[in-house]
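**Q**
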Amino acid sequence: MSDAVFDAGATPARPRKTIIRRHRVLVRINHWINVAALLLMLFSGLQIFNAHPHLYWGQKSTFADPWVSMDARGDRGLTKVGGLVFDTTGVLGRSKVDGVWQTRGFPAWLTLPAQRNLAVGRNWHLFFAWVFTLNGLVYLVTGLAGRRLLRDVVPTKDDLKHIGKDIVDHARLKFPKGREAARYQVLQRLAYSAMVFIVLPLIVLTGLTMSPGLNAAFPFMLDLFGGRQSARTIHFLCMVLIVGFILVHVVMVILAGPINQLRGMITGKFAIEEEAP
Amino acid sequence: MNRRIWLAGAVGTMGAAMLSACDRVTQAPATLKRLLIAEKWNRSAHRAVLGRGALAREFAETDISPDFRANGSISPNDADYRLLLASNFADWRLVIDGLVERPMSLSLAELREQPARTQITRHDCVEGWSSIGKWKGAPLAPLLDKVGLKPQAKYVVFHCFDTLDPSAKDNTQGRYYESVDLVDARHPQTILAYEMNGAILPVRHGAPLRLRVERQLGYKHAKYVRRIEVVDSLQAIGRGRGGFWEDRGYEWYAGI
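If you're matching them up, the sequences are chains A and B in order. Take the first sequence: its position 98, counting from 1, is numbered 1532 in our numbering, and each next residue is one higher. Take the second sequence: its position 11, counting from 1, is numbered 184 in our numbering, and each next residue is one higher.
(1) Of all Cβ atoms in chain B, is any one closer than 8 angstroms to the Cβ of residue 1683(A)?
(2) What residues match up with residue 253(B) in a beta bridge as DSSP calls it?
(3) Determine the DSSP secondary structure at residue 312(B), reduced to helix, strand or coil.
(4) Excluding the five sequence neighbours on either side, which residues of its own chain have a C-beta within less than 6 angstroms of the C-beta of residue 225(B), listed in chain order?
(5) Let me know the alpha helix (DSSP H) ranges lying completely inside the segment 202-252 of chain B, each 4 residues or longer, listed in chain order.
(6) Who does residue 402(B) pair with in a DSSP beta bridge?
(7) Entirely within the segment 1470-1556 of chain A and at least 3 residues each: give me those beta strand (DSSP E) ranges in chain order.
(8) By how many angstroms is the C-alpha of residue 247(B) removed from the C-alpha of residue 1664(A)?
(9) Taking Cβ to Cβ, would you say residue 287(B) is nearer than 8 angstroms to residue 322(B)?
(10) To which residues of the same chain is residue 1436(A) closer than 8 angstroms at the C-beta, ignoring the five residues directly before and after it?
(11) So, does the CB of residue 1437(A) fall closer than 8 angstroms to a CB anywhere in chain B?
(12) Can you list the residues of chain A that residue 215(B) reaches, using a CB-CB cut of under 7 angstroms?
(13) Between residue 1649(A) and chain B, is there a C-beta pair that is closer than 8 angstroms?
(14) Just by C-beta distance, which residues in the segment 360-375 of chain B are closer than 7 angstroms to chain A?
(15) Counting pairs of beta carbons, one from the segment 343-362 of chain B and one from the segment 226-234 of chain B, are three or more of them closer than 8 angstroms?
(16) Which residue comes first and which comes last in the alpha helix (DSSP H) that contains residue 360(B)?
(17) Pull up the distance between the alpha-carbon of residue 1547(A) and that of residue 1481(A), whole angstroms please.
(18) Please report how far the alpha carbon of residue 417(B) lies from the alpha carbon of residue 390(B), in whole angstroms.
(19) When you compare the CB positions of residue 1640(A) and residue 1654(A), do they come within less than 8 angstroms of one another, or not?
(20) Compare the C-alpha of residue 309(B) against each of 231(B), 405(B), 420(B) and name the closest.
(21) Tell me which residues share the same chain as residue 1589(A) and place their Cβ nearer than 7 angstroms to its Cβ, disregarding the 5 neighbours each side in the sequence.
(22) Quick one, which of 420(B), 338(B), 387(B), 340(B) has its alpha-carbon nearest residue 294(B)'s?
(23) Taking CB distances under 8 angstroms as the criterion, tell me whether residue 394(B) reaches chain A.
(24) Kindly indicate if chain A contains any beta-carbon less than 8 angstroms away from that of residue 219(B).
(25) Given that residue 302(B) touches chain A, what residues does it touch there, using C-beta distances under 7 angstroms?
(26) Please report the distance separating the alpha-carbon of residue 1558(A) from that of residue 291(B).
(27) Suppose you measure from the CA of residue 336(B) to the CA of residue 1685(A); what does that come to, to the nearest Å?
(28) For residue 1617(A), name the three-state secondary structure that DSSP assigns.
(29) Under 8 angstroms between C-beta atoms, does residue 1628(A) make it to chain B?
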């Protein structure tokens, strides 16, 4: 009588759902601490950037010729990138705060706090820098020690061979089914590896290189990044990459089934659909 | 009323309300006090990796910024300062007192007779920009030896001429001040500079005398110094946090 529900053989057309364990508890904790720390650092970082919304290359600032600049001319907000100038009124360079136009780099809804306050922005940023870095170290050390990072995140040779197929699948928004859904595909592996091993370490190192104290302790870091202002620019570019990653990541989670994906990262349980044997 | 405009207005108002609610949470004094624990972590971590003597990078003449920026006060309006400026600081004297055995005061000429150090260093503003300049001045450490610190001495406070916040009600009356501990006070690159880029220190950069404390951010480099006071606690000065900007929320340890 209950066979109809539980016997896969009775409903051959419907795939059977199996719950597997997806992420271990430490990874889940790492992930959500990272979400909080990264968001707070992003918004407080944009507040800090707004204190001088210009970027340069090299050891020092060349005020007359920044590489990137958000500024206002008259009532227009202008964003300069290299030799290009964009009118970004309302968002970058000039935007409304509580109904009043202000000349500011990023708009109030992207900065912590919303009002201009460099001191508070720094308080938040420099506190969560510790949280972010220590959390990241725990993730890296436990992931590498258990070889989990190398097994599950770094692309294998076989993965790289099938990169063409994965690109086509992604472009068609065709997501893997069954056991394959619980495994990272090559584009995911490349994106996660780039974040974990390159971009996130780089944003920490360039952040440290902006510290005049640490410059005295580790002067080679200035040479590594080509100077303090270069470090600040690279720090900013890493932020742009991370924001891009987060946006794509969230869109992919939504497209792949947000409830199941979120459950995988909160409780660790993840449902996969298996073809009946 | 057009429904769409009303809706946009409602969303905007709600957004603004949320932002200001956020601002109340993110700027609550208790929250900020908790976040400032990171300042202690930074200071301890830096002291551990820096040691006492690690030097800030020194640059070449060709690296000097042609466009060195000036922040904070750039032309103090204080009457006592104006008077001294009018006579080219002939009557200016630097007072060194507080917890010292032999308080003293020096004229600019006497300061110039002290052993001098010249250094081309990078100045990093808390806002994010950097400029490189050449500074010549008297290292602070030998001066501290000359006056002799009392055993309970812990901090060196720099009192300045410029009023940066005329509305301030504390005992600094809004005049700029700064402080460093004895590690930074005795650091070889910590100098009282009277020359910049080979010329007499300009008013906008702190004439006649400014502090250079090269391993920290720009706001520590007090300009328009008139008095150096050695103390055992920062409690009794201003709002008690060790500096003009520190009293307004910035970190006392500005090595990051």
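C-beta atoms are modelled at their ideal positions from N, C-alpha and C, and glycine is treated no differently.
**A** Walking through what the data contain:
(1) Here residue 1683(A) corresponds to residue number 249 of the first sequence, with the count starting at 1. Under the Cβ criterion of 8 angstroms, residue 1683(A) is not counted among the residues facing chain B.
(2) Here residue 253(B) corresponds to residue number 80 of the second sequence, with the count starting at 1. Partner(s): none; residue 253(B) has no beta bridge.
(3) The sequence position of residue 312(B) within the second sequence is 139, counting from 1. Residue 312(B) falls in the strand class under three-state DSSP.
(4) Position 52 of the second sequence, counted from the start, is the residue given in the question as residue 225(B). Same-chain partners within the cutoff: 356.
(5) Taking only runs of at least 4 residues, the alpha helix (DSSP H) segments lying wholly in the segment 202-252 of chain B are 202-208, 210-223.
(6) Taking the second sequence and counting its residues from 1, the one referred to as residue 402(B) is at position 229. In DSSP, residue 402(B) forms a bridge with 270(B), 330(B).
(7) Qualifying beta strand (DSSP E) stretches, in chain order: 1502-1507, 1510-1515, 1518-1521, 1527-1531, 1534-1538.
(8) Locating residue 1664(A) in the first sequence gives position 230, counting from the first residue. Locating residue 247(B) in the second sequence gives position 74, counting from the first residue. Each residue's Cα considered, the two are about 28 angstroms apart.
(9) Your numbering for residue 287(B) matches position 114 in the second sequence. Your numbering for residue 322(B) matches position 149 in the second sequence. Cβ distance not < 8 angstroms, so residue 287(B) and residue 322(B) don't count as in contact.
(10) The residue you call residue 1436(A) lines up with position 2 of the first sequence. Per-residue confidence for residue 1436(A) stands at a pLDDT of 38, beneath the threshold of 50, marking its modelled position as unreliable; the derived number appears in the next sentence. Within the same chain, residue 1436(A) has no close Cβ partners at all.
(11) Sequence index remark: in the first sequence, residue 1437(A) carries index 3 (1-based). Model confidence at residue 1437(A) stands at a pLDDT of 39, short of 50, so the residue's coordinates are unreliable and nothing is read from them.
(12) Along the second sequence, one-based indexing puts residue 215(B) at 42. Within 7 angstroms Cβ-Cβ: 1560.
(13) Counting from one through the first sequence, the residue named residue 1649(A) turns up at place 215. Cβ-Cβ to chain B under 8 angstroms: yes for residue 1649(A).
(14) The residues in question: there are none.
(15) With a cut-off of 8 angstroms, the segment 226-234 of chain B and the segment 343-362 of chain B count as touching, because enough Cβ pairs lie within range.
(16) By 1-based counting over the second sequence, the position of residue 360(B) is 187. No residue range can be given for residue 360(B), since it is assigned to no alpha helix (DSSP H) and is classified by DSSP as neither H nor E.
(17) Here residue 1547(A) corresponds to residue number 113 of the first sequence, with the count starting at 1. Here residue 1481(A) corresponds to residue number 47 of the first sequence, with the count starting at 1. Taking the straight line joining both Cα atoms gives about 7 angstroms.
(18) Here residue 417(B) corresponds to residue number 244 of the second sequence, with the count starting at 1. Here residue 390(B) corresponds to residue number 217 of the second sequence, with the count starting at 1. One C-alpha to the other measures close to 14 angstroms.
(19) Counting from 1 along the first sequence, the entry for residue 1640(A) is found at position 206. Counting from 1 along the first sequence, the entry for residue 1654(A) is found at position 220. For residue 1640(A) and residue 1654(A), no; Cβs fall outside 8 angstroms.
(20) The residue labelled residue 309(B) in the question sits at position 136 within the second sequence. The shortest Cα separation from residue 309(B) among 231(B), 405(B), 420(B) belongs to 231(B).
(21) Within the first sequence, the letter at position 155 stands for residue 1589(A). Answer for residue 1589(A): 1620, 1623, 1624, 1627, listed in chain order.
(22) As a first step, residue 294(B) is located in the second sequence; it is residue number 121 there, counting from the start. Closest option to residue 294(B), Cα to Cα, is 387(B).
(23) The sequence position of residue 394(B) within the second sequence is 221, counting from 1. No Cβ of chain A is located within less than 8 angstroms of the beta carbon of residue 394(B).
(24) Walking along the second sequence from the start, residue 219(B) turns up at place 46. Output row for residue 219(B): interface = yes.
(25) Start at 1 with the first residue of the second sequence, and residue 302(B) comes out as number 129. By Cβ distance, chain A contributes 1486, 1495.
(26) Counting from 1 along the first sequence, the entry for residue 1558(A) is found at position 124. Counting from 1 along the second sequence, the entry for residue 291(B) is found at position 118. Approximately 37 angstroms between the Cα atoms of the pair.
(27) Here the question's residue 336(B) lines up with position 163 in the second sequence. Here the question's residue 1685(A) lines up with position 251 in the first sequence. Residue 336(B) and residue 1685(A) have their alpha carbons spaced roughly 53 angstroms apart.
(28) Residue 1617(A) sits at position 183 when you count from the first residue of the first sequence. DSSP places residue 1617(A) in the coil class of the three-state scheme, outside both helix and strand.
(29) Taking the first sequence and counting its residues from 1, the one referred to as residue 1628(A) is at position 194. Closer than 8 angstroms: no.
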